[in-house]
Structure formats: structure tokens, C-alpha cells
Amino acid sequence: ELPDIAAYAKLAELVKDGRLSESVLDRAVARVLRAKFLAGLFEDPYVDPDRAQRVSNTPEHQAVALEAARRAIVLLKNEGALLPLDLAKQKTIAVIGPNAKGVRLGGYSSEPGRGVDILDGIKQKVGSRLRVLYAEGVRITEEPPNWTADKVVFGDPVKNGQRIAEAVTLARQADVAVVVIGTNESTSREAWADNHLGDVADLELSSQQNELVDAVRGTGKPVVVVLINGRPLALSHVAQTVPAILEGFYLGQEGGTAVADVLFGDVSPGGKLPISFPRATGQLPVYYDRKPTSFRSYLDLTREPLFPFGHGLSYTTFRLDNLKVTPERIGPAGEATVTVDVTNTGARAGDEVVQLYVRDRVASVTRPVKELRGFERVGLAPGERKTVTFKVGPAALRFTNERMERVVEPGLFDLMVGTSSKTAATAPLEVVERRTP
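Residue numbering for the sequence shown is 8 to 444, as defined by our numbering.
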């Protein structure tokens, strides 16, 4: 039913013909009416605009949105510790790119009433201490992003060439360039009809965004790429050519403030990727919890993703050690405790997300090579150490067998703890069949 009435429009005819009981409609309608009753719409069906103004988008709401955005930002790469940017060492910053201006909320989003884009977030952060220059660089789509519009026109190559030239002129005047690229609501969306398409055949950056990055990088100025996107991207070219990359996805109404906080070091990034980023479109599928396969690799490419599930760096460094599993043998209904020490070995405070993965070595059906079974975000001061604890029981070990039963089978499991799906310390856990005396 999104958005066309493909099924509901037939219900009256089905009831009239006796092919559907009217009681089915009664139950469906009753659920809707109950929700309206609980919401008080029968007593007062009208919006009080003054009250709506008071209870919507309050300072408390904005603070929650800002904190969520700060915690969501993922540092994909930081070669040479380019980030965080030092305000004392910069005089002019160029903010370039199609996603620098305008709040990107994604499809199916409501209008928040206010929002801070990345350009404004940077301006508010630096105030009069830095000169901020802006250039669009390219347009992802010629029309403003609109997830409900049917027609999508990608950026015009000739006009984008002119926009790139303007961006280069600005970048030459700056000490550092922040290039904000990715997708928008028109190019990352659901396809809901024959005339409303949303899928793409190529995960590369569209509309000459790679050319924009190359042109700005060609000025010799340090380049930071900030990604705002609603899907994974094939970023090999950008990852090989720029020193620092931040991934934001859609950060919400306070995203611009959060990005500025991270860029200038008021917040150390601690987010982790909820997906894997492929090296190329043809590398798909590349998800971390795949089934074992006889496929080895590509002739021209490794099978490893560019950035794995769970990846995310920080402005500080962490060490995980002293992994313990107690007890090392449990019954099918038993529970083991997994502990690991995490230490901040760097000079700044920061967050690390410790992740627990489980692999079932042998089972009656094919099992994934690993599955995420727990994670904990830990904030640590420089030199501080904490112990992270996970519980591993039936919920972490259970799977569906051939008879569609949820079971825990006896055997050996690998418990892997790390900072992403790629790096992990491993300890065994054995599940043994209970025996009656």
C-alpha cells in the first residue's frame, strides 16, 4: 500500500461478494479506533498550536538529537592524525560539497521545525576565529532532494564542471578543505512504483563527486571528507586518496553541530559502522555474517570489505586484553561470563565499542562464520582501564534447525571480542549435553 492502494481498495468488493468476512474489517477498524481513543482524539480531535509549539522541539529534545548525532559519527580514516583540526593553526577553511548546505534527514522524515546543516555548524563553531568559504562543488541532482518526487535528474556534467572549478578556486584560498559528499533523499530511497525508482546499479559516488574530491586534493591543501548518505558506497578511490574520512549517514536535525564538534575535537568520534562498505559494486555480497563458502577471492580484488561491519576509529587508541570465559563448559541451558579489559592507551579521552561475536564451529545446519552477540560502549580517560562483561547463554547460541526448532546444540563455539568484526581475540566455549546420573 505504499503509496498506491493495491489491496485495501479491493476489500469492499471482497466483502460484498462474500469472499471476506466483515468481521475481519471490524477487527482492523477496531484497532485503529482504539489507538485514536488512547491518544484522546475522540475527546479533543484538534491540534492546539500553542501547546504543540511548547512540547515539540524543546531544548531537551534538541539536546537528545545532538547527543545522538555526536555518538553516531564514525571515523573511517585519519591518516597522519589530520583530525581533529586545530583552530589555532587555521585561518581559512573551505567547506565544499553538495551535502554541506541543507539538512539531510532521509526519506520518511518529518519536518523538525529547525535544523543545523554542516556549513552552519562549522560557522557557529569557529565564529570570527576562522574565515569560512563555501562552494557547492557539484550537484548530486539538479533539482532539490525530494524522496516523494518520481523523476530524478542527476547533476548536469557541464554545470558540475563549472561548479568544480569554482570549488578549486576557493580551496586554493584555504588552509584546509572539508568536502561533504554522499547521496541525498532522491538518490537513496525506496522504489515503490514503476515510475518511482530508487535502486542503483553502481555504488560509486554519483554526479562527478570523485572528480570534485580529486580536484580539491589537487590544490595541495589537506582534505577531510564527510559522508552524508543513506546507503553503503563504493569508496575505494576516495579512501586511497584522502587522509581523513568521517561517516555520518543521516545525522538528523543537529547533525551540523555534531560534525563541527567532531571536526574540531570537542568530541572524539566513537561510532561504529552498522554495515560493511564494499571495495567495488561487483564485490557484493560482502556482509560480515555470511555463510561459509568454497569461494576464495577475486582475481583482481580481495574478498575483504573496504571498511568492515563494526569499524570505527577514535582520536585516541585502545587496547583489549585479558579475555576470559567462565566457565569454559556449559549445558544447553547454561550461561558463561565473558570478560575483557579495555585500556585507553592514547592521550585523549574517548569511547570504544567492545564487540562480542560468536561462531558455531560445527552444527546440523550451515551457520554464519560469525554473529554479533553483544556490544558495549565504554568511555575512558587517558590511561584508564575498565573490564567489560558479557553473558553468553541460550539466546546467543540458539539457532533454527532443519525442523524449524530453536535449539542449542552441543559442540565448540568460538567467542571473539574486538573493536570491529575484523579484529578479535578468541576464546573457546564448549556446550555439553546434560547427562542424568
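Beta carbons are placed, not taken as given, at the ideal position from N, Cα and C, and that holds for glycine.
- For K298, the secondary structure class from DSSP, reduced to helix, strand or coil, is coil.
- Under the three-pair Cβ rule at 8 Å, the region 156 to 175 does not count as touching the region 231 to 242.
- Taking C-beta atoms as the reference points, G255 and I129 fail to come closer than 9 Å.
- Look at E311 here: in three-state DSSP terms it is coil, with no helix or strand label.
- Per the DSSP secondary-structure output, E437 pairs in a beta bridge with R336, L419.
- Sequence-distant partners of K43 (beyond 5 residues in either direction) whose C-beta falls short of 7 Å from its own C-beta, in its chain, are F49.
- With fewer than 16 other Cβ atoms from the protein chains shown falling within 10 Å of its own Cβ, N329 counts as exposed.
- Boundaries of the beta strand (DSSP E) harbouring I103: 99 to 103, taken from the DSSP string.
- With respect to the C-alpha of G168, the residue from V245, R146, V186 having the closest C-alpha is R146.
- Cβ neighbours of A75 within its own chain (closer than 7 Å, five residues either side excluded): G259.
- Approximately 10 Å separates the beta-carbon atoms of V361 and V345; this is outside 8 Å, ruling out the contact.
- Within 10 angstroms of the beta-carbon of G390 lie fewer than 16 other beta-carbons, which makes it exposed.
- For K84, the enclosing beta strand (DSSP E) has its first and last residue at 81 to 85.
- E192 places its beta carbon 9 Å or farther from that of P250.
- Secondary structure in the region 17 to 86: the alpha helix (DSSP H) runs of 4 residues or longer, each lying completely within the stretch, are 18 to 23, 29 to 45, 56 to 62, 66 to 79 in chain order.
- Ranked by Cα distance from L83, the first of L253, T155, W154 is L253.
- Per DSSP, the unbroken beta strand (DSSP E) holding G189 starts and ends at 183 to 189.
- Taking the Cα positions, Y141 is about 36 Å away from Q290.
- With contact defined as three or more Cβ pairs closer than 8 Å, the region 392 to 407 and the region 296 to 311 are not in contact.
- By the Cβ-count criterion, V415 is buried, with 16 or more other Cβ atoms from all chains shown falling within 10 Å of its own Cβ.
- The beta-bridge partner set that DSSP reports for H203 consists of A200.
- In this structure, G144 sits away from S63, with a CB-CB distance that is not shorter than 9 Å.
- For A142, the uninterrupted beta strand (DSSP E) run begins and ends at 138 to 142, by DSSP.
- Counting along the chain, K393 sits inside the beta strand (DSSP E) bounded by residues 392 to 399.
- The C-beta distance from L320 to N85 rounds to 6 Å, short enough to fall under 8 Å.
- For G263, the enclosing alpha helix (DSSP H) begins and ends at 262 to 270.
- Contact check between the region 184 to 203 and the region 107 to 120: three or more CB pairs, one atom from each, fall below 8 Å, which counts as touching.
- Shown here, L219 sits in a helix according to DSSP, grouped into three states.
- Residue nearest to M423 within the set A156, P435, S275, L27 is P435 (criterion: CA-CA distance).
- Judged by DSSP in its simplified three-state form, Q362 adopts strand.
- The alpha-carbon of W154 is positioned some 30 Å away from that of P52.
- Between L94 and V133, the beta carbon gap of about 7 Å places them in contact (Cβ cut-off 8 Å).
- The three-state reading of DSSP puts I125 in helix, counting H, G and I together.
- Going by beta carbons, P375 and R297 fall inside the 9 Å limit.
- Of the residues F284, E67, G47, L126, the one whose Cα lies closest to the Cα of L270 is L126.
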